[in-house]
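Trainee: Have a look at the structure that comes next, please.
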């Protein structure tokens with residue numbers, strides 16, 4: 310997700326637009342801490358209620374439509390008990406797209422623990438069979454992992470401009486270094502014969518990372534936020550994201566085995582390899598694009614380790 314706008318940079322017309330949509334004056338209070346939440350602002354509505362405003366520069370002509378899609382996903386999942394804050398309003402000015410949601414009095418999770426992973430696995434089960442928007446993360450993961458074009462595969466591509474840019478950036482990773490090229494080649498070989506998915510039954514959060522997007526109180530998950538990229542696919546996508554972050558702490562090795570087992574139950578070994586490859590490529594692309602060259606060797610090492618573990622489960 311985009312970092313968003315700092316409060317001191319937020320144009321006055323954005324606040325005016327928010328006020329006109331929600332029917333209440335909006336006062337900026339503070340910028341919320343955290344990685345992705347760097348662009349989220351705590352605000353007060355007339356009457357005293359607090360809320361969270363996230364405003365990002367308008368990136369392309371369909372940006373508002375994407376945000377409205379995310380709002381529909383939020384409404385759909387909240388009706389099924391999914392712990393994500395209600396969205397109070399969505400809108401856009403000539404320069405920004407914004408959404409306003411309920412404020413949750415909780416903090417971003419400082420780190421993953423076995424208990425948090427277990428809780429998140431239960432929350433992800435609420436996503437089963439809940440695909441409500443034709444925004445297919447499953448097929449997109451296949452395109453990323455195999456390096457093929459959607460037209461060649463016979464897939465209907467509804468990529469957003471951001472997804473298209475990301476896929477093109479991933480396609481250039483091999484040119485970074487011989488070490489990265491070797492990992493990319495290994496991933497491509499693992500996924501070479503995996504057919505494109507034909508079913509997308511589940512809701513997919515697609516950005517289930519810590520500490521940014523998981524809010525906890527007394528070590529209990531009370532909210533999952535930053536749902537703007539949510540869509541359809543297999544919930545194993547979000548389980549695979551958790552697998553990646555469990556490598557940060559040896560104490561999570563045991564719960565990672567439970568994650569692998571659940572992923573294999575849901576999508577089989579080939580599907581697990583596809584999702585793992587896409588996750589590794591995403592995690593490579595970010596530091597390379599941002600010039601974080603010191604991070605790349607650790608990502609490469611973790612990528613090979615993930616593949617080695619998965620191969621041992623074949």
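Numbering (the numbering used here), first residue to last: 310 to 623. Beta carbons: idealized from backbone N, C-alpha and C, even for Gly.
(1) Closest by CA to residue 409, which one among 485, 336, 506?
(2) List the DSSP bridge partners of residue 511.
(3) Does DSSP put residue 557 in a helix, in a strand, or in coil?
(4) In angstroms with no decimal places, state the Cα-to-Cα distance between residue 586 and residue 454.
(5) Please confirm if the region 573-580 is in contact with the region 551-564, defined as three or more CB-CB distances below 8 Å between the two stretches.
(6) Tell me which residues share the same chain as residue 613 and place their Cβ nearer than 7 Å to its Cβ, disregarding the 5 neighbours each side in the sequence.
(7) Is the distance from the Cβ of residue 379 to the Cβ of residue 537 below 9 Å?
(8) Since residue 615 sits in a beta bridge, which residues does DSSP pair it with?
(9) Can you tell me whether residue 595 is buried or exposed? The criterion is at least 16 other CB atoms within 10 Å of its CB, across all chains shown.
(10) Enumerate, from N- to C-terminal direction, the unbroken alpha helix (DSSP H) stretches of 4 or more residues contained entirely within the region 354-398.
(11) Where does residue 402 fall in DSSP's three states?
(12) Just the Cα atoms here: how many angstroms apart are residue 430 and residue 352?
(13) If the criterion is Cβ atoms closer than 9 Å, does the pair residue 447 and residue 550 meet it?
(14) Alpha carbon to alpha carbon, what distance is there between residue 318 and residue 366?
(15) Quick one: measure Cβ to Cβ for residue 512 and residue 539, integer angstroms, because I've assumed they're closer than 8 Å.
(16) Please go through the same chain and pick out, in chain order, the residues whose beta-carbon is closer than 8 Å to the beta-carbon of residue 421, but skip the five residues on each side of it.
(17) Tell me where the beta strand (DSSP E) around residue 526 begins and ends.
(18) CB-CB under 6 Å to residue 457, same chain, minus the five flanking residues each way: which ones, in chain order?
(19) Beta carbon of residue 525, beta carbon of residue 418: below 9 Å?
(20) Tell me the residue span of the alpha helix (DSSP H) that contains residue 497.
(21) Select from 589, 598, 389, 621 the residue whose C-alpha is nearest the C-alpha of residue 608.
(22) Would you mind reading off the limits of the beta strand (DSSP E) that contains residue 601?
(23) Helix, strand or coil, according to DSSP, for residue 346 in the structure here?
(24) Relative to the C-alpha of residue 619, which residue among 593, 522, 584 is closest?
(25) Could you pull the DSSP bridge partners for residue 407 from this structure?
(26) Within a Cβ cutoff of 6 Å, which residues of the same chain sit near residue 610, ignoring the five residues on either side of it in sequence?
Mentor: Once the coordinates are examined:
(1) Ranking 485, 336, 506 by CA distance to the CA of residue 409 puts 336 first.
(2) In DSSP, residue 511 forms a bridge with 542.
(3) Note: residue 557 maps to coil in three-state DSSP.
(4) The alpha-carbon atoms of residue 586 and residue 454 are separated by roughly 5 Å.
(5) Output reads no: the region 551-564 does not touch the region 573-580.
(6) If we look at residue 613 and ignore the five residues flanking it on each side, its Cβ neighbours are 492.
(7) The answer is yes: Cβ separation under 9 Å.
(8) In the DSSP output, where bridge partners are listed per residue, residue 615 has none listed.
(9) Residue 595 sits exposed, since fewer than 16 C-beta atoms from the chains shown fall within 10 Å of its C-beta.
(10) DSSP assignment within the region 354-398 yields the following whole alpha helix (DSSP H) runs of 4 residues or more, N-terminal first: 372-387.
(11) Looking at residue 402 - three-state DSSP - the assignment turns out to be coil, as it is neither helix nor strand.
(12) Roughly 32 Å separates the two Cα atoms.
(13) Judged by their CB atoms, residue 447 and residue 550 are not nearer to each other than the 9 Å cut-off.
(14) Their Cα atoms are separated by approximately 11 Å.
(15) Right, the Cβ-Cβ distance comes to about 6 Å (below 8 Å), so this counts as a contact.
(16) Closer than 8 Å at the Cβ level, and outside the excluded window around residue 421, lie 519, 551, 554, 555, 557, 558, 561.
(17) For residue 526, the enclosing beta strand (DSSP E) begins and ends at 523-526.
(18) Around residue 457: no qualifying Cβ.
(19) In this structure, residue 525 sits near residue 418, with a CB-CB distance shorter than 9 Å.
(20) Segment 487-500, the alpha helix (DSSP H) holding residue 497.
(21) The residue with the shortest Cα to Cα distance from residue 608 is 589.
(22) Run containing residue 601: none; DSSP gives neither H nor E here.
(23) With a pLDDT of 40 at residue 346, under the threshold of 50, the modelled position of that residue is not reliable, and no figure is offered here.
(24) In terms of CA proximity to residue 619, 584 leads the group 593, 522, 584.
(25) Per the DSSP secondary-structure output, residue 407 pairs in a beta bridge with 364, 400.
(26) Around residue 610: no qualifying Cβ.
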